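Residue numbers (the working numbering): 327 to 665.
All C-beta atoms in this analysis are idealised placements derived from N, C-alpha and C, irrespective of residue type, glycine included.
In this text, all values refer to a predicted model and were calculated from it rather than measured experimentally.
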Amino acid sequence: MRISNKMMLIPLLGLIIISAFNTFIIMQKRGAMTSLATQADISLTVLYTPVGYPSDFTIFLNKDNFSVDLNWTDVPEADDYNVYYSSNLSDLKTIGNSVTKVTGIKDSNWTDTNAGNVRQRYYRVAAVKGAVTNITPIIEGKFDIEIRKANLTYGYVEMNTVSLPLIPSDDNITNIVIYGMNYDIINWYNTTKKDYDEAYYYEGNWYGDFNILEPGKGYEFTPINKSYNFTVVGFVPGDNITSEIQRATLKAGEVEINTIGWNTPLKRCNFSTIIPIATNFDYIQWYNVSKKIPSFDYAYYYNGLWYGKIRCFDPGRGYVFAPISVGYNWTYNRSEGFS
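Structure (structure tokens):
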């Protein structure tokens, strides 16, 4: 409670009535209603939130690799819940025109059975009490990445360079990449041991050098049997992320490359602003599976500008960084451009 003008603090437990002309503060005393003040020069602001927003809001991909489950902690004072979703991330932040609203949800969970029909979709949930709604600040989402069958033969797709555009609530590789087939391979270049770490799929599980997927890393997916959609689910990151980029020599026994992730669902295109500390002849590449002969596209730095075929960082793609002269720590804001 805030009291202006005379800053009169009145300790009471009772009823406050604010009219267009006066503020009446009423207190119950021994069964009777007694007026304590009728003063036009007292202004009161009563701050009261009748319902909290749902906490522990999470998203999970179902085993059908198509539908998603939203879960949250029940709000005891809520009458029911609303779910808001859209493929437009900025519109969901402001609950704009493209947002679909699902009302009258009684349980603390909801399944989107049509999530697989779109490449990306984002969600928020609100608790409802009467005419009041309180919406989660966290945005959860799903993002599909096309993974092409790879056979390691020149002229065909040799690999898919991939990264996580969202942050999963569970980073275990078995729970993130649920669509795998026997002998599919995922690897990333480990600059500490100066060689690749590898995981492979067999009979429902992933085995090998690592068992988690990390937001700041880029990965090479090599599905041996068939192509599929890799659906990433998790929350939309909103802070900075820093990746260590080591000097790369392309020589065996030394750091050859850095495999780096672009951890945001937002596309950004001004390389000179995003990477302000590059030096001449540094280059970045990603493997373009859509070319007639699939191969790497490049961007290289010279005298303050970036040149080449890569013009933007795209969500879902993994990148190879190769600083020729010196390494550096690369920091970028994952929410920049998110209005």
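Annotation: the continuous beta strand (DSSP E) that includes residue 387 extends over 384-387.
DSSP, reduced to helix, strand and coil, places residue 511 within a strand of the structure shown.
If you check the CB distance, residue 408 and residue 427 come in under 7 Å.
Here the region 453-466 does not lie against the region 475-487, with fewer than 3 beta-carbon pairs under 8 Å apart. DSSP lists no beta-bridge partner residue for residue 592.
Secondary structure within the region 448-531: the beta strand (DSSP E) runs of 3 or more consecutive residues, fully enclosed, are 458-461, 466-473, 486-488, 511-516 and 521-528 (chain order). In the DSSP assignment, residue 600 falls within the unbroken alpha helix (DSSP H) covering 597-600.
Nearest to residue 602 by C-alpha distance, out of 612, 655, 582 and 641, is 655. Each of 391, 479 and 469 was checked against the Cα of residue 591, and the nearest Cα belongs to 469.
The bridge partners DSSP lists for residue 570 are 655.
Here the C-alpha atom of residue 520 lies approximately 30 Å from the C-alpha atom of residue 553. Check the Cα spacing between residue 565 and each of 575, 431, 659 and 391: the tightest is with 659.
Residue 420 counts as exposed, since fewer than 16 other C-beta atoms from the protein chains shown sit within 10 angstroms of its C-beta. For residue 440, the three-state secondary structure derived from DSSP is coil.
With a cutoff of 7 Å on beta-carbon distance, residue 417 and residue 398 are scored as not near each other. Taking C-alpha positions only, residue 493 is separated from residue 559 by approximately 7 Å. Between residue 385 and residue 455, the alpha-carbon positions lie close to 24 Å from each other. The count of Cβ pairs closer than 8 Å, one atom from the region 574-586 and one from the region 613-625, stays below three, leaving the stretches out of contact. When 557, 541 and 503 are compared, the shortest CA-CA separation from residue 533 is found for 503. Annotated three-state conformation of residue 617 is coil, per DSSP. With fewer than 16 neighbouring CB atoms inside 10 Å of its own CB, residue 616 falls in the exposed class.
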